[in-house]
Every structure is written in C-alpha cells, then in structure tokens.
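Asks: I have a structure here, written as structure tokens, and I will follow up with some questions on it.
Protein chains: 6
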Amino acid sequence: MNIAVYPGSFDPCTNGHLDIIKRVSAIFDKVIVAVLCNSGKTPLFSVEERVEILKKATSDIPNIEIVSFSGLLVDFLKENNAKIVIKGLRAVSDFEYEFQMALTNRKLCDNVETLFISASTEYMFLSSSIVKEIASYNGDLSGLVPDELIPIIKSRFGFVNN
Amino acid sequence: MNIAVYPGSFDPCTNGHLDIIKRVSAIFDKVIVAVLCNSGKTPLFSVEERVEILKKATSDIPNIEIVSFSGLLVDFLKENNAKIVIKGLRAVSDFEYEFQMALTNRKLCDNVETLFISASTEYMFLSSSIVKEIASYNGDLSGLVPDELIPIIKSRFGFVNN
Amino acid sequence: MNIAVYPGSFDPCTNGHLDIIKRVSAIFDKVIVAVLCNSGKTPLFSVEERVEILKKATSDIPNIEIVSFSGLLVDFLKENNAKIVIKGLRAVSDFEYEFQMALTNRKLCDNVETLFISASTEYMFLSSSIVKEIASYNGDLSGLVPDELIPIIKSRFGFVNN
Amino acid sequence: MNIAVYPGSFDPCTNGHLDIIKRVSAIFDKVIVAVLCNSGKTPLFSVEERVEILKKATSDIPNIEIVSFSGLLVDFLKENNAKIVIKGLRAVSDFEYEFQMALTNRKLCDNVETLFISASTEYMFLSSSIVKEIASYNGDLSGLVPDELIPIIKSRFGFVNN
Amino acid sequence: MNIAVYPGSFDPCTNGHLDIIKRVSAIFDKVIVAVLCNSGKTPLFSVEERVEILKKATSDIPNIEIVSFSGLLVDFLKENNAKIVIKGLRAVSDFEYEFQMALTNRKLCDNVETLFISASTEYMFLSSSIVKEIASYNGDLSGLVPDELIPIIKSRFGFVNN
Amino acid sequence: MNIAVYPGSFDPCTNGHLDIIKRVSAIFDKVIVAVLCNSGKTPLFSVEERVEILKKATSDIPNIEIVSFSGLLVDFLKENNAKIVIKGLRAVSDFEYEFQMALTNRKLCDNVETLFISASTEYMFLSSSIVKEIASYNGDLSGLVPDELIPIIKSRFGFVNN
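Protein chains in written order, with my numbering: chain A, 84 to 245; chain B, 84 to 245; chain C, 84 to 245; chain D, 84 to 245; chain E, 84 to 245; chain F, 84 to 245.
Right under this line is the structure:
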C-alpha cells in the first residue's frame, strides 16, 4: 500500500492545502496529513484545533488520516510504515528550502522519498501567513480558506463575525 | 489622473528608495509614498520621523505626497483613489515575495495593479537592513543614504557624529 | 500623456498577452503594442499577420495602437515619444533576462523606464512556445488563445479545422 | 494500480536517470519510462537504441516498461491509463521549466498530476548534455553513465574504445 | 602573500564547512577562519568554544588561523592585511544574500574581493541550522559533523551521549 | 604560485570581462585568460582576433597571459599546471549553469576548484550577446566595450565607423 505523508503547520489550513490534499488522495492509497507541533512559535490555532479543522474540511475523502506529530519527520514515517513525503511547491524560495529538507531526510533515512507537487495556479500566491496578515486587518478571506473557517479565524483577531 | 502608491517601511530611507521615487515621479501624475506602521517590529525611526525624513529628501519633487499608513494596502489604495502599486526590485528573493503580494492584492481587489521597477545598478545591493548593519558598527554610510541623514542614523546607534 | 510600449514577438499572441494588454491599457493613457520583426527566426505568422491578429483581438480597447518594429527598442521609444516599457513576468527565468534588458535599455537611454507586471495566475504557465508545441500535436488550444485564432493556428500545422 | 510515467529524451541515459528510475519504481506499482521521439533535434542515439539501452540498464527492475512516444504527453498518459508524471529536478532552471510544463499539462488534462523528485546529491550536476560534451573531447565518463555504455558513446564521437 | 578570510558563525561547524576550509587552504597561502560574535542571537556554542572546536578539527592544516571577530568584515580584513573573502555557496537563496553582501563590502572597501566556492555535492544540503534541528530531536548526526563533536552537540540538547 | 584560469568566449570581450580580469590579476600570482575555440558557433571574431584584442586591452597588466584553447577545461588546467578556475557571475541563471559546470569539473578532476566572482554593479547587465545585439542595430556601445574596439565591432555589422 502506498502511503503518502503530507506534513505542515496548517495554521490555518488554506484552500491551497485542501486542493493539494484532494489531488494527492486521488493518486495514493492513503494520505496521512501530519500536523506539526512547532514548539518554537505561538500558533493561531492549537494543534488539536488544527487537526479538528482539517478533519472537518476533508470529511468527504475516505483514504485520509489527520494526525499531529512532533520530532523528526523520518521517525514519524517509520512509525507509520510510510516512505513517501509530499510537499506542495509555490515558487522558487519554497523549492530551495524544500529541496534542502528532502536531501536531509534522505541522508537521515535512505528509503524516504520526497515528491513535490505544484500548487494549482489559482492558489499559487496563497499561504497561511498571508491569510493571517489579511485577517489581522479584517480583510476579505473568501476563496482563501473554507467558508466555515472565516468567522473562526476573524474572531481570533478580535473581529465580530459578520 | 495616474496615481502610483509606493509603499514601504523606509526605516531608514536609502538612496535606492530615493532613486526609485524620482524615477517613478517622472512617469506618473502623482506618487504617494506610503510609510508602513509595522506594529510587529521595533523600528529605528518612528513613522512620524520616517515621513519627515522622506519629506525633506524629496522636497524638490512637486507631484509627491508622503503619508503613513497601517492596515491592508488595498484599503489604502481605495481611500486614495489609486490603483497602481509600485515596488522596487533588486533580486530574485525580492521578486518571489513581491510577486506573491501582487497576486494577493489582485485577489483582494480586482483592479489593483502592481508594477515592478528595477533598482538602478548602483543601488542593486542596498537595503535598509544593510544600512542599519553598517551603522551599528560605525561603518561608512556615504553614498548609501542622504548625507544629512548620516549623523542622525549614527547617533541612534550611540556614535558621536563626526 | 503617459504612453506605455508593450514589445514582444506575439507569435502567436496568447490570452496571457491579451490579459496584460487589457490591464495596462486601463492604467496608461495610451498603449503601443510593438510587434518585433525578428529576422533571425522563422515565425509561425508574418509580422503583418501578427499585427492584424492583435488588432482584431483588441478592437474594443480605444487607447491602443498595434505597430511592427525592428531595431533597438530605445530608438523605437524615442520615435514614439515614449519612455515607459511594459514587460509581463511569469517566473524567475523571465525575470532574470528582462531585468538585464531593462538595465541595458537604461544604459542606452537614461530616461527609459521598464515596468514589470505579473501575469495573472491563470496564465502563469502560458507562452507562445507552449501554444505552438500543443498545436503541433493537434492538442486542445481552448482558453490559451482567442477562440477565432484556434483554427488559423491549427491549419498552420497542417490540421484540418474542426 | 498506480502507474507513474517518467518521460525524457535519455540521449543518452545517465546514472542520474537510472537513480531516479530505481527510486520511483520502489514507490509506484508500475513505472513507464517514455522515451521521447523529438523530431526537431538530431539525437546521438536513435529512439530504438535509447529504448534498448534503457531496457538493458533496468533489466533487474520488475515493474518497469520502456517505450518510445511522440506527441503530447497527456495523450500518452490517457492511452496508458496513467495520470502520474514523474520529473527529476536538479536546480532552479529545471524547476521553472518543469513547473510551467506541469501547469500546462493540468490545463490540457484535469486529472494529470506531475510529481517532482530531487536528483540524488551525487548526480545533481549530471545531464545528458554534459555527458555528450565530455565525450566529445574524449573525457572520462566513468561514474556518469553505466560502464557498458561508455565505449558505445565514445565510438559515436569517433574515439576508439579503450 | 595571498590571505583568504572565511567568515561565518560556525555554530556548530559542519563537515560542509570543514570541506570548504580544506579546499580553500589548498589554494591560498593562508586562510583565516573568522568566527563571528553575533550579539543578536543566542548561540549553541560560545565564540570561544566555536574557535576551539574549529582549531581541533583543522589541526592538520598548517596554513590556517582560527580567530573570533565582531564588527564590520571590511575592518577585520584591513586589520589582517587581507583582501580576499571566501564564501561557500549551496543554493540560490545563499547566492542572493551573499551576492548582496559582496557588493556591499566592495562599496565599503574598494579592493575587497569576495570569491564564492560551491559546496561539494555531498554537503549541498548541510547547514548549521539543520544540524541543530536534527540534534534537537536526538536524530543521527553521523556524517554531518566531525564524529567527536556529536556527543557534545547532543548533550547541549539534553540527550545523554550514546 | 597561484595560477587562476579565466575561461570564456570573449566574442567580443566587454568592459565587464576586463573589470574581472583586472580584479582577479590583483589577487592571484598569474592569470591565464583562456579563449575558447567553440567549433559549434560562428563567432563574430576569430579566436586569433579575440586573443589579439584581449592582449591589447590588458597590456598594462604584467601577470597575465592570453591563450586560446579547445577541449576540456580540466585538460587545459593540467597542461598549465593550474587548479583554479575563475568565473564571473551576474545573476541567478549564470549561477545555475556555472555551478553545474564547477561540480562537473571537480568530478572530472578532484583538485580543480572553481571560484566565482561577482560582476561589478555597473556591469551587472553586460554580456557579449547584448553588445552584439546593440551593435547589430548600430546602437551606442560606449562604456560597454573598450573605446578602440567600437569601430571594429561596428564594421563587422556593416556600419561605417563614425
């Protein structure tokens, strides 16, 4: 069975993430979305909240599992009997860093392979950071994240849902 | 009337910024330099000081306005009846990020256009960060910022003006 | 009056070119589309044909002029009393080359400014070369070039219009 | 069944290609190596020869098929009931072009996905062009292509096998 | 006498740094490794420790000197009668920033030249940050840093040496 | 003795090339400018002419030698007892290709090192191709190539010297 692990912070998950999740789940037997507990940063949503949000947003996809993880990605892969990592790519800066991580992970574990998939053109500009920046000024988030997530994100920035 | 908005932190403004301001003011009817209040960072100069410095440095340009702004750039544009954003480009890293912001701004507001202009070759290496790093070691700032700004920057880093 | 010159080969013009032409004509007083006679390559369409195709495709834009040109772009600008060049950008490779040309043109003529505009996300992948490659295998061109151009391009590659 | 198509010219195939073929065949049910008939260029080896060379070099991989193809990649995928394209990446220039092709292929066929895989560090510099350039000066090809291919390549450049 | 200065944080030094030091010491009369006191960050190792670690790791190289420095690099070069800076390059992001620093240093001091040297393929992915990230999860550091450094780094992250 | 080899086509040599030659000759004991006989292209100037032009333009530099070469660069280095290659860098595209060549040359010969040096800001845009393109339209070459070379280049494109 081909298991692909799609790791990330997903703080919050965007329509770009969901697009990649859908596309990847169509080509692998199983996709594990691995939500990173990054102790270094103060997230907008807790890991538990992010897992919950992703579960709701992907409830129509049968071959998917949403879990949190911390530690080295290669250890997570071993524990889950997986050897494929999926990373979305938007632009060159992404590529540089992800390339470096892919080579590092292969150094740490020989049979781990990272496969890169390009973002769809309509989400090429989209990132969690941009969503948070727009939200912090009460800007329009429609089309950027799932509709039901918009009031939740906005309330985190102190704006009354409208 | 063609109004171009040139947004940035300008902390401090460099000769590279002034070069772009001059070149842009020669091709648009009016240029609004929008000085960003970035609440997240501790600036070297307050927004009011940065506006003042830019006003002095551009006093010979008739079709220019220097204002501070916070919030979303697209909202600032609407309030000022402008739809053109000007961004200077130095190198690929600049380009990636600015490209992403340009696409985001078009998503938020259909008729906003970002036009990129290349830095002049002699300022290709210059940024506010590099000015601050050199100043922090009392290095030579001549040619990097307006001459009258040099003692002011140096005094911020605790060096007696010489 | 702000005159922007948008130079290119346009062999053939794509929906990406037309998107940029529309956006640029909305922000400048006049746009001159300058169709390059490139003696070095055998084009799919003659310069006269390319001018004609662009004229038809932009017939609803009032402040536009389509002309052919050969020689140095800076000379063309002087003859047309223009100092603004517009270049569309899709990706880093584009950027590198265009940046170099912009700096060269400023060296040749002090007051020429090149402004870069990003392709819309939906045309980020599109180029005349890709249109020709797809057409050469009788692939689907819909959405890539104006509909009325599709049978004309296909017939150039020996396919009966369908 | 997950079928991955790995297209390329393979003129000649390098140890970098073979490394990617091995790694990809370990993660997909079946890999089809699609050798491109590029009518525009004069190849060093005919398509039939290239297919033969690849068959020998991959004879120990059970889930692989080597075939020639011409035309649009998306048509080849449909005929082979495949929807996954694999492309190796070495550097940014690769990435730019391949990204553009991936977006084009998705435009031509909705459910085609391109997955990028990074070259191994030891083959990061390697390409068919570099092999040919070194061979043309009778340089040392060991480690760059399969050993048994070295005398065949050298003889194409008029050097007696040694 | 040709003196090359190789500046960096070396927190900790990696096998990639040592590879470059060895290669550079083979082509210049003398190499000064300049360990940066960066007051802004909390390092894993103090400057004195980093100098000590580098001295041990390079004890077999005769024409080398390891010193700490703070301040502007151009001032350090003058004090040491040197005009050549060596910087290792791994990827495009490195290149952009280092290019900018090289041009800045030439602006500050006319006769300073920065020479870039590419990392060896096997260390292309390696950086001090990646070493620290792997170490923080008690991952395998073999091949990434000198063997004798591994228990020292691990103990800094609270792991008992094994 | 440190011998640096600076290889290139120099068809024609530009002020950018001469700037790098001057800077490199100031930091190495001897510089060999290696003018490439590229049989594949029709050059503007023969190899003999290019050597002659470079000799005149560098007659004031004592530690320089101008020679033609064909074949593999690593073979040329061995014959000349040199192990340092110097390459000028202007931008990312340059970097990618040159990086690949540097890694290839190290693969072919262990102790060959390529050192990259950035073009001066004023020559960042300059290349032999751009000189030829401008010359082909009788454009202004002053500042781009040595003054005495201008009429010679122009006459090659059929323009009477003025």
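Backbone N, C-alpha and C define an ideal beta-carbon position, used for all residues, glycine too.
Taking the alpha-carbon of residue 98(A) as reference, which of 229(A), 235(A), 241(A), 167(A) has the nearest alpha-carbon?
Replies: Checking every option, the nearest Cα to that of residue 98(A) belongs to 229(A).
Asks: Where DSSP assigns a beta bridge to residue 119(B), which residues make up the other side?
Replies: Answer by DSSP bridge pairing, in chain order: 152(B).
Asks: What is the rounded straight-line gap between the Cα of residue 162(D) and the Cα of residue 103(A)?
Replies: Roughly 25 Å separates the two Cα atoms.
Asks: Identify whether residue 166(A) lies in helix, strand or coil by the three-state DSSP scheme.
Replies: Three-state result, residue 166(A): coil.
Asks: If you draw a straight line from the C-alpha of residue 172(B) to the C-alpha of residue 173(D), how long is it?
Replies: Roughly 26 Å between the two C-alpha positions.
Asks: Since residue 265(D) sits in a beta bridge, which residues does DSSP pair it with?
Replies: Given that chain D is displayed from residue 84 to residue 245, the structure contains no residue 265(D) and the question cannot be resolved.
Asks: Helix or strand or just coil, what does DSSP make of residue 240(B)?
Replies: If DSSP states are grouped into helix, strand and coil, residue 240(B) belongs with coil.
Asks: So, is residue 197(F) buried or exposed, given that buried needs 16 or more other C-beta atoms within 10 angstroms?
Replies: Result: buried.
Asks: If you drop the 5 nearest sequence neighbours on each side, which residues of the same chain put their C-beta closer than 6 Å to that of residue 168(D)?
Replies: Here the set comprises 88, 197.
Asks: Count the other CB atoms, across all protein chains shown, that sit within 10 Å of the CB of residue 129(B); report buried if there are 16 or more and exposed otherwise.
Replies: It counts as exposed.
Asks: CB residue 118(A) to CB residue 159(A), shorter than 8 Å?
Replies: No, these two residues do not count as a Cβ contact at 8 Å.
Asks: Would you check if the distance between the CB atom of residue 237(E) and the CB atom of residue 127(E) is smaller than 8 Å?
Replies: No, the pair does not count as a contact, with Cβ atoms beyond the cut-off.
Asks: Kindly give me the distance between the Cβ atoms of residue 113(D) and residue 86(D), rounded to whole angstroms, as I take these residues to be in contact under 8 Å.
Replies: 5 Å between Cβ atoms; contact.
Asks: My output table needs one value for residue 144(E): the three-state DSSP class, helix, strand or coil.
Replies: It is coil, neither helix nor strand.
Asks: With H, G and I counted as helix, E and B as strand and the rest as coil, what does DSSP make of residue 222(A)?
Replies: Coil, per DSSP.
Asks: Does the beta-carbon of residue 95(C) have 16 or more other beta-carbons within 10 angstroms, so that it is buried, or is it exposed?
Replies: Buried, because 16 or more other Cβ atoms sit within 10 Å of the Cβ of residue 95(C).
Asks: Measuring CB to CB, does residue 181(F) end up less than 8 Å from residue 208(F)?
Replies: The answer is no: Cβ separation not under 8 Å.
Asks: Note down, in chain order, every chain D residue with its Cβ under 8 Å from the Cβ of residue 174(C).
Replies: 179, 182, 183, listed in chain order.
Asks: Using DSSP's beta-bridge definition, name the partner residues of residue 198(D).
Replies: According to DSSP, residue 198(D) bridges with 200(A), 169(D).
Asks: Quick one: is residue 111(E) buried, meaning 16 or more other Cβ sit within 10 Å of its Cβ, or exposed?
Replies: It is buried - the Cβ of residue 111(E) has at least 16 other Cβ atoms within 10 Å.
Asks: For residue 99(A), write down the residues that DSSP places opposite it in a beta bridge.
Replies: DSSP, once it has assigned bridges, lists no residue as partnering residue 99(A).
Asks: Going by C-alpha to C-alpha distance, which of 135(B), 143(B), 157(B) sits closest to residue 150(B)?
Replies: Closest option to residue 150(B), Cα to Cα, is 135(B).
Asks: Can you check which of these residues, 205(D), 107(D), 190(D), is closest to residue 166(A) by C-alpha distance?
Replies: It is 107(D) whose Cα lies nearest to the Cα of residue 166(A).
Asks: Does the distance between the C-beta of residue 133(B) and the nearest non-hydrogen atom of the ligand PLP fall short of 7 Å?
Replies: Ligands are entirely absent from the displayed structure, and the ligand PLP is therefore not among its contents.
Asks: Could you name the residues of the same chain whose beta carbon sits closer than 8 Å to that of residue 155(D), not counting the 5 residues immediately before and after it, in chain order?
Replies: Within the same chain, residue 155(D) has close Cβ partners 191.
Asks: Where DSSP assigns a beta bridge to residue 228(A), which residues make up the other side?
Replies: 225(A).
Asks: Sort 189(F), 242(F), 234(F), 211(F) by Cα distance to residue 205(E) and report the nearest one.
Replies: It is 189(F).
Asks: What are the residues of the segment 196-213 of chain F that lie near chain E, defined by any Cβ-Cβ distance shorter than 8 Å?
Replies: For the segment 196-213 of chain F, which is checked against every Cβ of chain E, the residues closer than 8 Å are 196, 197, 198, 199, 200, 201, 203, 204.
Asks: Closer than 8 Å, CB to CB, is residue 220(C) near chain D or not?
Replies: For residue 220(C), the answer is yes, since a Cβ of chain D falls inside 8 Å of its Cβ.
Asks: Taking C-beta pairs closer than 8 Å, name the residues in chain E that residue 106(F) reaches, listed in chain order.
Replies: Per Cβ cutoff of 8 Å: 196.
Asks: Strictly under 8 Å for the Cβ-Cβ distance: is residue 83(B) near chain E by that measure?
Replies: The structure shown does not extend to residue 83(B), since chain B is modelled only from 84 to 245, so the question has no answer here.
Asks: Take residue 152(B) and list the residues in its own chain whose beta-carbon comes closer than 6 Å to its own, dropping the five residues that flank it on each side.
Replies: 117, 159, listed in sequence order.
Asks: Which word fits residue 231(E), buried or exposed, when buried means at least 16 other C-beta atoms lie within 10 angstroms of its C-beta?
Replies: Residue 231(E) should be labelled exposed.
Asks: Cβ atoms of residue 217(A) and residue 224(A): under 8 Å apart, would you say?
Replies: Taking 8 Å as the Cβ cut-off, residue 224(A) and residue 217(A) qualify as a contacting pair.
Asks: Output, in chain order, the set of chain E residues within a Cβ distance shorter than 8 Å of residue 190(A).
Replies: Here the neighbours are 208, 226, 227.
Asks: Rounded to whole angstroms, what is the Cα-Cα separation between residue 194(C) and residue 170(B)?
Replies: Distance between the alpha carbons of residue 194(C) and residue 170(B) is about 18 Å.
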